[in-house]
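Novice: The structure is given below, and queries will be raised subsequently.
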Amino acid sequence: MPEKIILDCDPGHDDAIAILLACASPELEVRGITTVAGNVSLEKTSTNALKVCELGNIKRIPVYAGMSGPLVRRLETAEHVHGKSGMDGPELPEPELKPAQMSAVDFIISELINSAEPITLVPTGPLTNIAMAILHEPRIVPKIKEIVSMGGALYEGNITPSAEFNIYVDPHAARIVYSCGAKVTMIGLNLTHQALATPERIARIKSIGTKVSETVVQLLDFYFRFHRRRYTLPGPPLHDPCAVAAVIDRSLIKTNRMYVDIETTGELTIGRTVCDVWGVTGKQPNAEVGMSIDDERFFDLLIERLAGYR
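Shown next, in the form of structure tokens:
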């Protein structure tokens, strides 16, 4: 039976690829796509999600717009990475569909409360929607099978020396999610920086020869410019698809169980995922922290699923 998921995202180049991967995978039943402010404003992330669905002819999965800003802090976005639209590079089709009338938070609550079986949440942006749903209706927590979150870092950050962008944008939401009692798997930078879209891998995607694959190549070409300039990486890391892939095939990743807390007040460290690697706090582990990914198998999976679009 396919695993029921809700994909919560802030598209975003890598979010776009995560949407395409999730919706092309028979192992998953995507119950809905929810959007949150993060890489760009909520209006833009919602439009971008709809554009990706239009590109992939994904008509059966509704898009729900969520929170327009963090719980406490002012919204900080990432146009310096993703461009003004949030998905600069290709010309994407204008969507025929619009966001559903129900809010993302209400949808998450309703879907979990009314589901006969637990649902996996796959947030690939700030955790604002998930935290707000938990705050509004704590009864959803036992109905969450797992939260597989792209965010955080075991070591260095990418928006500050200490913090990864998604957690930095809304650290208060992240703290709520990590402390709620649900099973959490952290797909952080230390893992996603192992999944690089090198020129050879981009060429494999291009060889598929479809409108979808060509658009993905254009997204990656734009995304590569920033990462080549800032980090001198041989290719952009596909952060968000790693989280989706981990739900499709858990054997792709290796994790260590540890206690994770979120820094919400530090002058230099706000947004840091503080991972108790050695158990020095004595606190009960509350997360599976991603340590590595089989990057060759990951790209084989991604390319196979992208080839399913015509």
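According to this note's numbering, the stretch in the sequence shown is residues 881 to 1190, in order. All C-beta atoms in this analysis are idealised placements derived from N, C-alpha and C, irrespective of residue type, glycine included.
Whose C-alpha, out of T1145, A1013, S1059 and L1071, is nearest the C-alpha of G1032?
Specialist: Indexing the sequence shown from 1 puts residue 1032 at position 152. Nearest option by C-alpha distance: L1071.
Novice: Closest by CA to I993, which one among P1003, E1017 and T1004?
Specialist: Start at 1 with the first residue of the sequence shown, and residue 993 comes out as number 113. Nearest of P1003, E1017 and T1004 to I993, Cα basis: E1017.
Novice: Which same chain residues, not among the five before or five after V910, have their C-beta less than 8 Å away from its C-beta?
Specialist: The residue labelled residue 910 in the question sits at position 30 within the sequence shown. The residues are I885, I886, L887, A902, C903 and I941.
Novice: In the region 1117-1145, which residue ranges form an unbroken alpha helix (DSSP H) of at least 4 residues, counting only runs that do not cross its ends?
Specialist: Fully enclosed alpha helix (DSSP H) runs of 4 or longer: 1119-1128.
Novice: Enumerated in chain order, which unbroken segments of the beta strand (DSSP E) with a length of 3 residues or greater are wholly contained in the region 1015-1042?
Specialist: Listed in chain order, the complete beta strand (DSSP E) runs (minimum 3 residues) inside the region 1015-1042 are 1024-1030.
Novice: Whole angstroms is fine: what's the gap from N937's alpha carbon to Q1164's?
Specialist: Mapped onto the sequence shown, residue 937 falls at position 57. Mapped onto the sequence shown, residue 1164 falls at position 284. Taking the straight line joining both Cα atoms gives about 45 Å.
Novice: Our contact map puts V961 next to L1007 with C-beta atoms below 8 Å; I'd like the distance itself, whole angstroms only.
Specialist: Translated into positions along the sequence shown, residue 961 becomes position 81. Translated into positions along the sequence shown, residue 1007 becomes position 127. About 19 Å separates the two Cβ atoms, so there is no contact after all.
Novice: Does the separation of the CB atoms of P1051 and S1029 fall below 9 Å?
Specialist: If you number the sequence shown from 1, residue 1051 lands on position 171. If you number the sequence shown from 1, residue 1029 lands on position 149. Contact: no.
Novice: Let me know the secondary structure DSSP gives M1171 once reduced to three states.
Specialist: Translated into positions along the sequence shown, residue 1171 becomes position 291. Three-state result, M1171: strand.
Novice: Does the separation of the CB atoms of D1156 and D1141 fall below 9 Å?
Specialist: Counting from one through the sequence shown, the residue named residue 1156 turns up at place 276. Counting from one through the sequence shown, the residue named residue 1141 turns up at place 261. Contact flag set, yes.
Novice: Can you give me the C-alpha to C-alpha distance between S995 and K1025, rounded to a whole angstrom?
Specialist: Translated into positions along the sequence shown, residue 995 becomes position 115. Translated into positions along the sequence shown, residue 1025 becomes position 145. Their backbone Cα atoms lie some 11 Å apart in a straight line.
Novice: Applying the criterion that 16 or more other CB atoms from any shown protein chain within 10 Å of the CB defines a buried residue, is V952 buried or exposed?
Specialist: The residue given as residue 952 occupies position 72 in the sequence shown. That one is exposed.
Novice: I need the DSSP call for R1109, collapsed to helix, strand or coil.
Specialist: For the purposes of this step, residue 1109 is taken as the residue at position 229 of the sequence shown. Of the three classes helix, strand and coil, the one that applies to R1109 here is helix, per DSSP.
Novice: Might you give, ordered along the chain, the residues of its own chain that have their beta carbon closer than 8 Å to the beta carbon of I999, omitting 5 neighbours on each side?
Specialist: Here residue 999 corresponds to residue number 119 of the sequence shown, with the count starting at 1. The answer, listed in chain order, is K884, I885, I886, R911, E991, L992, K1023, I1024 and K1025.
Novice: Indicate the three-state DSSP secondary structure (helix, strand or coil) for I897 in the structure shown.
Specialist: For the purposes of this step, residue 897 is taken as residue 17 along the sequence shown, with counting starting at 1. Here I897 sits in helix by DSSP.
Novice: Any heavy atom of the ligand SAH closer than 8 Å to the beta-carbon of E991?
Specialist: Ligands displayed in this structure: none; no statement on the ligand SAH is therefore possible.
Novice: Taking buried to mean at least 16 other C-beta atoms within 10 Å of its own C-beta, is A917 buried or exposed?
Specialist: Position 37 of the sequence shown, counted from the start, is the residue given in the question as residue 917. Buried: at least 16 other Cβ atoms inside 10 Å.
Novice: Candidates G1151, A1125 and A1187: which alpha carbon is nearest D895's?
Specialist: If you number the sequence shown from 1, residue 895 lands on position 15. Taking only the C-alpha atoms, the option nearest D895 is A1125.
Novice: Between which residues of its own chain and A958 is the CB-CB distance below 7 Å, once the five residues before and five after are set aside?
Specialist: Position 78 of the sequence shown, counted from the start, is the residue given in the question as residue 958. Contacts found: N919 and F1045.
Novice: So K1191 is in the beta strand (DSSP E); what residue range does that whole segment cover?
Specialist: Absent from the structure is residue 1191, since the part of the chain shown begins at 881 and ends at 1190.
Novice: Label T914 either buried or exposed according to how many other C-beta atoms from any shown protein chain fall within 10 Å of its C-beta, with 16 as the threshold for buried.
Specialist: Counting from one through the sequence shown, the residue named residue 914 turns up at place 34. Buried: at least 16 other Cβ atoms inside 10 Å.
Novice: By alpha-carbon positions, which one of I1085, S1042 and Y1139 ends up nearest to I1150?
Specialist: Locating residue 1150 in the sequence shown gives position 270, counting from the first residue. The option with the nearest alpha carbon to I1150 is S1042.
Novice: Which residues in the same chain as I1133 place their Cβ atom closer than 6 Å to its Cβ, once the five residues preceding and following it in sequence are excluded?
Specialist: Taking the first residue of the sequence shown as 1, we reach residue 1133 at position 253. So the list reads A1126, G1170 and I1173, once near-sequence residues are dropped.
Novice: Ignoring anything shorter than 4 residues, give me the alpha helix (DSSP H) runs that lie fully in the region 901-936, in order along the chain.
Specialist: Correct list: 922-935.
Novice: Please report the distance separating the alpha-carbon of T1078 from that of E1184.
Specialist: Your numbering for residue 1078 matches position 198 in the sequence shown. Your numbering for residue 1184 matches position 304 in the sequence shown. Each residue's alpha carbon lies about 17 Å from the other.
Novice: Just the C-alpha distance for D1120 and V1160, rounded to the nearest angstrom, thanks.
Specialist: As a first step, residue 1120 is located in the sequence shown; it is residue number 240 there, counting from the start. As a first step, residue 1160 is located in the sequence shown; it is residue number 280 there, counting from the start. In a straight line, the C-alpha of D1120 is about 30 Å away from that of V1160.
Novice: Measuring only the C-alpha atoms, how far is E1094 from L972?
Specialist: Along the sequence shown, read from residue 1 onward, the residue named residue 1094 stands at position 214. Along the sequence shown, read from residue 1 onward, the residue named residue 972 stands at position 92. Cα-Cα distance, rounded: 11 Å.
Novice: Would you kindly work out how many angstroms separate the C-alpha atoms of P1116 and K978, rounded to a whole number?
Specialist: For the purposes of this step, residue 1116 is taken as the residue at position 236 of the sequence shown. For the purposes of this step, residue 978 is taken as the residue at position 98 of the sequence shown. So the alpha carbons of these two residues sit roughly 30 Å apart.
Novice: Rounded to whole angstroms, what is the Cα-Cα separation between F1104 and K964?
Specialist: Here residue 1104 refers to the residue found at position 224 of the sequence shown. Here residue 964 refers to the residue found at position 84 of the sequence shown. Their backbone Cα atoms lie some 16 Å apart in a straight line.
Novice: Span of the alpha helix (DSSP H) holding T1072?
Specialist: For this step, residue 1072 is matched to residue 192 along the sequence shown. Run containing T1072: L1069 to T1072, per the alpha helix (DSSP H) assignment.
Novice: Helix, strand or coil: how does DSSP classify A945 here?
Specialist: Looking up residue 945 in the sequence shown gives position 65. Looking at A945 - three-state DSSP - the assignment turns out to be strand.
Novice: Which first and last residues belong to the beta strand (DSSP E) in which P1003 is found?
Specialist: Against the sequence shown, residue 1003 aligns to sequence position 123. That run of the beta strand (DSSP E) goes I999 to P1003.
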